[in-house]
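Asker:
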Amino acid sequence: MKKLSLILVLFVLCTAFTTLNYYPIDGYTHTGIKRLKRLELIKSGELVDAAKLPAGAMKSYMDINLNFTSKKADSIGSFLVVDEAFQKEISSLFKGLDKSYSIAVLDISDPDSLRYAKRNETSGYQPGSVGKLAVLTGLFTQLAKIYPDDFEKRLDLLRSKSVRAGVWGLTDEHTIPIYNIETKKLVKRQVIASDVFTLFEWADHMLSVSNNGAASIVWREVLLMQIFGDKYPALTQDEADTYFKTANRRELTDLGNDVVNLPLRALGITKDEWRLGTFFTRGANTYVGSKDGSIGSPLGLMKFLIKLEQGNIVDEASSLEMKRLMYMTDRRIRYAQSPALKDAAVYFKSGSLYKCDRSKGEACGKYMGNVTNFMNSVVIVEHPDNCKYMVTLMTNVLRKNSGTDHMMLASSIDKVITK
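Quick note: the sequence shown uses the numbering used here, first residue 16, plus one each step.
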């Protein structure tokens, strides 16, 4: 009985510390991201929502950790040694399929006995929204330049700095969740030019619902951080708008390219393995042009995930905060929608780009392009039983619903790893 009482006391204490601070779901106080406050209320039963979050989405701030901090100094190459038996199992999932499927898989359940498999891992694809992870990397790189010795000040800037969308946020069909804490009402709509959110909220819109306007806005702010340095925190919206109206477009294009790509090079990811060449909205192109095109490969993206788990993207605190922002506490889609992952924590980014030529008389539609049909999934899966793995999957399979394709592959891969 005493033992049971002690367990209950510890549970209450742990709950007190994890529900009052930080996130994901318990993160409103830490981040100011209003949609998280709504999730807190749903979890506590104060709000009823028909779309129940899966068990794997219920982790709190204290539950999220980096997996490779003990291997912080290890080279990337030491992680990417093929395990022949594992390779055979993963390869069997793609038997008879063409080179339109490329993948890298790293089983990290036992950090001292990693299992790696690959297939066409150096092939290049249009990365689509996966490129938003490069923008996130640029953001934390610039925050560290402004406050090199104070991570809390970096977080405070993310919480307190509010910026207006302007034309940079236009146009995108993806909606954003706008939650009114006082009325407890949620509205989902597209970004409009007058929208004002904090840097933390724009970053969340960029990742949790993959809003393109939000991605361009965060990228814009990364560019301003590079230009204004330690003067950025006090930079007003009018000053920023005036600057862009008078700046040289070619110089902005070069600098805009650098702020999201040079941090990737610093991680050992080459230009051909992953680069980002254009903003995500037409509105941004008013001020900044495209350069060098965008490309991604399973190998380049796997390198990114390894560096993240090592705590080597900027620093350990930044890497952990980035991982929290990747944690799925919104509707799961594509790869992450697999029923096999419902109890697992999923850290995820997906990207797609498709093109149809209806003159061919072929079936063609959303995520079923017959000219191009890019679909990309970057995912860290952590099951409750400590089974953990990372997958970077990129495909260009024409005339096939790639969202469903990725979901089915997710189930097959999970079965191989968890058996």
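All residues carry an ideal CB built from backbone N, CA and C; glycine is no exception.
Can the beta-carbon of residue 370 be found closer than 7 Å to that of residue 387?
Answerer: Result yes, Cβ atoms of residue 370 and residue 387 sit closer than 7 Å.
Asker: How many Å lie between residue 2 and residue 428 at the Cα?
Answerer: Since the first residue of the chain shown is 16 and the last is 434, residue 2 is not available in this structure.
Asker: Along the chain, where does the beta strand (DSSP E) containing residue 407 start, and where does it finish?
Answerer: First-last of the beta strand (DSSP E) with residue 407: 403–411.
Asker: Look at the alpha carbon of residue 350 and the alpha carbon of residue 236, and state the distance between them as a whole number of angstroms.
Answerer: So the two alpha carbons sit approximately 30 Å from each other.
Asker: Buried or exposed for residue 252, please, with buried defined as at least 16 other CB atoms from any protein chain shown within 10 angstroms of its CB.
Answerer: Exposed.
Asker: Give the straight-line distance between the Cα atoms of residue 506 and residue 199, rounded to the nearest whole angstrom.
Answerer: Because the chain spans 16 through 434 in this model, residue 506 falls outside it and cannot be assessed.
Asker: Could you give the first and the last residue of the continuous alpha helix (DSSP H) run that contains residue 368?
Answerer: Per DSSP, residue 368 belongs to no alpha helix (DSSP H); it is in the beta strand (DSSP E), 360–370.
Asker: For the segment 228–307, list the alpha helix (DSSP H) runs that are entirely contained and at least 4 residues long, ordered along the chain.
Answerer: Segments of the alpha helix (DSSP H) lying fully in the segment 228–307: 252–261, 264–281.
Asker: Could you say which of 52, 62, 117 lies nearest to residue 10 if we only look at CA atoms?
Answerer: No information on residue 10 is available, as it lies outside the stretch 16 to 434 that the chain covers here.
Asker: Quick check on the burial criterion: 16 or more other C-beta atoms within 10 angstroms. Buried or exposed for residue 399?
Answerer: Exposed is the call here.
Asker: Check for me: the beta strand (DSSP E) holding residue 397 runs from which residue to which?
Answerer: Residues 387–397.
Asker: Specify whether the segment 130–147 and the segment 305–324 touch according to this definition: at least 3 beta carbon pairs, one from each stretch, less than 8 Å apart.
Answerer: A contact exists between the segment 130–147 and the segment 305–324.
Asker: Buried or exposed: which applies to residue 354, given that a residue is buried once 16 or more other Cβ atoms fall within 10 Å of its Cβ?
Answerer: Residue 354 should be labelled exposed.
Asker: Quick check on DSSP: helix, strand or coil for residue 149?
Answerer: Residue 149 falls in the helix class under three-state DSSP.
Asker: Tell whether a beta-carbon distance below 7 Å holds between residue 267 and residue 137.
Answerer: Not a contact, by the Cβ cut-off of 7 Å.
Asker: Decide if residue 246 is buried, meaning its Cβ has at least 16 other Cβ atoms within 10 Å, or exposed.
Answerer: So residue 246 ends up on the exposed side.
Asker: What is the DSSP secondary structure of residue 194, counted as helix, strand or coil?
Answerer: In this structure, residue 194 counts as strand in the three-state DSSP scheme.
Asker: Please list the segments of the beta strand (DSSP E) lying wholly inside the segment 307–352, counting only runs of 3 or more residues, in order along the chain.
Answerer: Entirely contained in the segment 307–352, not one beta strand (DSSP E) run reaches 3 residues.
Asker: Between residue 395 and residue 405, how many whole angstroms is the CB-CB distance? I'm expecting something under 8 Å.
Answerer: With a Cβ gap of about 5 Å, residue 395 and residue 405 count as contacting.
Asker: Taking residue 183 as the reference, give the member of 193, 165, 68, 293 with the closest Cα.
Answerer: Among 193, 165, 68, 293, the Cα nearest to that of residue 183 belongs to 293.
Asker: Enumerate in chain order the residues of its own chain whose CB-to-CB distance from residue 114 is below 8 Å, with the five nearest sequence positions on each side excluded.
Answerer: Contacts found: 135, 138.
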